[in-house]
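Peer 1:
Residue numbers (mature numbering (1 follows the signal peptide of the UniProt record, and there is no 0)): -16 to -1, 1 to 180.
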C-alpha cells in the first residue's frame, strides 16, 4: 500500500517534466501579447482573436524587434470612433507576415455605407496606427482585409519603409443591410499620412 502511494505521488512530477515549455515569444492567445512585447525581439503572432476593447498593442517593441503574423488574426467588435485596433511604434523594427496569414479587421460588423460620417454608428476610424516609428523600420508583406474605415494612419515617423502589402476591402464594395443601395464600406482609404 505504501509503495502504491509513493508511485502515485511521483506521477504528477513525471508528467510535468515531459510537458513542453511554452515559448513566450510565440503568441497563441491575446493574453500572451504584453509579455512577448516586453521581453522578446522575435515575436510570432499565431492567429488569435483580439477581444472587444483591447488593442493589438505593438507600441513598446524593443529596438530591432521583428513581429511576424501567422494564421488568421481577427478582432472582436469595438464600437468606438477613437479606438485603434492595432498600434505600432518602435526603432529599427520589422512588422511582417508569414505565407498564408490574414489580418481581418471585422469590417462587416461596422460597415453602413457612411464610414466615419455616421456618428450614430461608432466604429474605429483608423485600423492600424503607426506612430513615431523610425530607424529604418519596415512594415512589409502583410495581408490585410475588411478594415472598418481608414486602414493606416501614419504619423511622426521617419526612415520607415512600407512594401509588399495586400489591402483587400472588396467585400465592402457590395451593399449590406445597413447601407441600403450604397457600397457597405466607405472612407476606406488605405493610408493617411501626417508629420512623416
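Ideal Cβ placement from N, Cα and C applies to all residues, glycine included.
All values reported here derive from a predicted model rather than from experimental measurement.
Judging by CA-CA distance, which residue of 103, 136, 104 is the nearest neighbour of residue 89?
Peer 2: The shortest Cα separation from residue 89 among 103, 136, 104 belongs to 136.
Peer 1: Determine, using beta-carbon pairs with one atom in the region 98 to 117 and one in the region 73 to 81, whether at least three such pairs fall under 8 Å.
Peer 2: The answer is yes - the region 73 to 81 touches the region 98 to 117, with three or more Cβ pairs under 8 Å.
Peer 1: DSSP state of residue 147, grouped into three classes?
Peer 2: It is a strand residue.
Peer 1: Less than 7 Å between C-beta atoms, sequence neighbours within five positions excluded: which residues of the same chain meet that for residue 67?
Peer 2: Correct list, in chain order: 108.
Peer 1: Output the boundary residues of the alpha helix (DSSP H) element that contains residue 22.
Peer 2: Run containing residue 22: 17 to 23, per the alpha helix (DSSP H) assignment.
Peer 1: Helix, strand or coil: which one does DSSP assign to residue 68?
Peer 2: In the structure shown, residue 68 sits in coil (DSSP, three-state: anything other than H, G, I, E or B).
Peer 1: Quick one: what's residue 110 bridged to in DSSP?
Peer 2: DSSP output for residue 110 lists 134 as bridge partner(s).
Peer 1: Are the Cβ atoms of residue 20 and residue 9 separated by less than 7 Å?
Peer 2: In contact: residue 20 and residue 9 (Cβ atoms closer than 7 Å).
Peer 1: Is it right to say residue -15 is buried, meaning 16 or more other beta carbons lie within 10 angstroms of its own, or is it exposed?
Peer 2: Low per-residue confidence applies at residue -15: pLDDT is 49, beneath 50, and the placement is therefore not dependable, though the value from the model is reported in the following sentence. That one is exposed.
Peer 1: Using the Cα positions of residue 98 and residue 118, report the straight-line distance between them to the nearest angstrom.
Peer 2: Roughly 34 Å separates the two Cα atoms.
Peer 1: Are any of the Cβ atoms in chain D nearer than 7 Å to that of residue 20?
Peer 2: Absent here is chain D; the protein component of the structure consists of one chain.
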